[in-house]
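Here the structure is laid out as structure tokens; the discussion comes afterwards.
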Amino acid sequence: MGDFPDPLRGRWGITKATSIADTKSSLVYRVERHDAPGAIVKILKPSGMNELPGMAFLEWRQGSGAVRLIDRYRHACLVEDAGDQLLRDYHRQFGDAKATDIVLDVLVELHATSPDAPPAELVPLRHHFSSLFDKVQLQTDPVLADTLHWAAALADELLRRQTDIRPLHGDLHHDNIIGGGLRGWLAIDPQGLIGDPAYDVANVFGNPLGAASDILNPARVKTLARRFSAAIGCSETKILRYATAHAGLSICWSLDHSGSADAQENIAERLAFAGIVRRILEESGA
Numbered sequence: 005m006g007d008f009p010d011p012l013r014g015r016w017g018i019t020k021a022t023s024i025a026d027t028k029s030s031l032v033y034r035v036e037r038h039d040a041p042g043a044i045v046k047i048l049k050p051s052g053m054n055e056l057p058g059m060a061f062l063e064w065r066q067g068s069g070a071v072r073l074i075d076r077y078r079h080a081c082l083v084e085d086a087g088d089q090l091l092r093d094y095h096r097q098f099g100d101a102k103a104t105d106i107v108l109d110v111l112v113e114l115h116a117t118s119p120d121a122p123p124a125e126l127v128p129l130r131h132h133f134s135s136l137f138d139k140v141q142l143q144t145d146p147v148l149a150d151t152l153h154w155a156a157a158l159a160d161e162l163l164r165r166q167t168d169i170r171p172l173h174g175d176l177h178h179d180n181i182i183g184g185g186l187r188g189w190l191a192i193d194p195q196g197l198i199g200d201p202a203y204d205v206a207n208v209f210g211n212p213l214g215a216a217s218d219i220l221n222p223a224r225v226k227t228l229a230r231r232f233s234a235a236i237g238c239s240e241t242k243i244l245r246y247a248t249a250h251a252g253l254s255i256c257w258s259l260d261h262s263g264s265a266d267a268q269e270n271i272a273e274r275l276a277f278a279g280i281v282r283r284i285l286e287e288s289g290a
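In the working numbering, the protein residues as written are 5 to 290.
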């Protein structure tokens, strides 16, 4: 069991714990339990406390579209094991259209109505965008400044005109949808936001990782906008604007780690994506 905490081992009847991830924000284990199905344990580190709203979202969702929260203790949670197949790998094998089918199926379940009131811990969407609003005034690089000012303006207008405000996963993409378990494809690792549902597909446009040929394909961008707008019940323009606003936000997050190659790659890709969307919107007169 190594360094697995004794209080959690006793509380959840864990007989074996295998580390499957050690990130800057959390420790994740696949566990076996006495007289109970296997599960996943996620323990937040001090730098990961911003993920607590995501735990609240899982608790509220009660397994609809997402992994079921079995128990929550302080900054640790025990959730069902969704399996070991990433949608990113499925995308690589079967293509974007079929992967998007799965995203849409999961989205419908995530956005299904609940008889329970949303948890108080959920983060308002405007607060989620604070990094973009803070950094846009500090950027001196003309290319970055132009894109970030545009993204921030879009975000501000969208956030002032939110409709159908509801709990959101907040980080839906191909690495956060997992299959292979008993209940099919399920979302994991929500941010736990509350706001306009059109934002919940924004991150899909920039994923999966390593698929730049898809991400920067204008035809794919238009197809996703069409499919997501039909599913959510809003205009394609709104979907594309949220996707661009999120691209700007993602750039700002990467600027905090600008010394890494991954961060520089993300910045370049998000800039190129924003340029594609700007042209699509200009051509449509939006």
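Even glycine gets a Cβ: it sits at the ideal position worked out from N, Cα and C.
What does the Cβ neighbour count give for G289, buried or exposed, with the cut at 16 atoms within 10 Å?
Exposed, since its Cβ has fewer than 16 Cβ neighbours within 10 Å.
T104 classed as buried or exposed, judged by whether at least 16 other C-beta atoms fall within 10 angstroms
T104 should be labelled buried.
Rounded C-beta distance between L91 and I106? I'm assuming under 8 Å.
Confirmed, Cβ separation roughly 6 Å.
C-beta atoms of I219 and F209 nearer than 8 Å
Taking 8 Å as the Cβ cut-off, I219 and F209 qualify as a contacting pair.
By alpha-carbon positions, which one of F61, D204, R274 ends up nearest to Q166?
Nearest C-alpha to Q166 among F61, D204, R274: D204.
Distance between S264 and T19 (C-alpha atoms, nearest Å):
Taking the straight line from one Cα to the other gives about 39 Å.
Just to confirm, are A235 and L114 a CB contact at a threshold of 8 Å?
No, Cβ-Cβ distance for A235 and L114 is not below 8 Å.
Tell me, please, which residues DSSP counts as bridged to R76.
BP columns for R76 point to C81.
Please classify D266 as buried or exposed, where buried requires at least 16 other C-beta atoms within 10 Å of its C-beta.
With fewer than 16 other Cβ atoms inside 10 Å of its own Cβ, D266 counts as exposed.
Assuming V83 and K46 make a contact with CB atoms under 8 Å, what is their CB distance in whole Å?
That pair is a contact at about 7 Å.
Backbone CA spacing between A278 and A216 [nearest angstrom]:
The straight-line gap from Cα to Cα measures roughly 13 Å.
Can you name the residues that DSSP bridges to T151?
By DSSP's assignment, T151 forms no beta bridge with any residue.
Under the assumption that G14 contacts P194 (Cβ atoms under 8 Å), give the Cβ distance between them as a whole number of angstroms.
Not really, about 28 Å apart at Cβ, beyond 8 Å.
For L172, three-class secondary structure by DSSP:
If DSSP states are grouped into helix, strand and coil, L172 belongs with the strands.
Please state whether DSSP places L90 in a helix, a strand or coil.
Reduced to three states, the DSSP call for L90 is strand.
Out of D10, I181, K49, A40, which has the shortest C-alpha to C-alpha gap to P212?
Of the candidates D10, I181, K49, A40, I181 places its Cα closest to the Cα of P212.
Reduced DSSP category for S68 - H, G, I as helix; E, B as strand; rest coil:
In this structure, S68 counts as coil in the three-state DSSP scheme.
With the cut-off set at 8 Å, would you say F61 and P171 are in Cβ contact?
Cβ distance < 8 Å, so F61 and P171 count as in contact.
Identify which residue in E269, H178, A206, R224 has its Cα closest to the Cα of R245.
If we check each option's Cα against that of R245, A206 comes out closest.
Do you know how far the Cα of L158 is from the Cα of V35?
Straight through space, the alpha carbons of L158 and V35 are spaced by roughly 44 Å.
Drop a sphere of 10 angstroms on the beta-carbon of D120, count the other beta-carbons inside from all chains shown, and report buried for 16 or more, exposed for fewer.
By the 10 Å Cβ count, D120 comes out exposed.
Closest Cα partner of L162 within the set Y33, G42, W16, R130:
A check of alpha carbon separations from L162 across Y33, G42, W16, R130 identifies R130 as the nearest.
Please go through the same chain and pick out, in chain order, the residues whose beta-carbon is closer than 6 Å to the beta-carbon of L31, but skip the five residues on each side of it.
Around L31: I47.
Inside the segment 162-242 only - alpha helix (DSSP H) runs reaching at least 4 residues:
Counting only runs of 4 or more, we get 216-219, 222-236.
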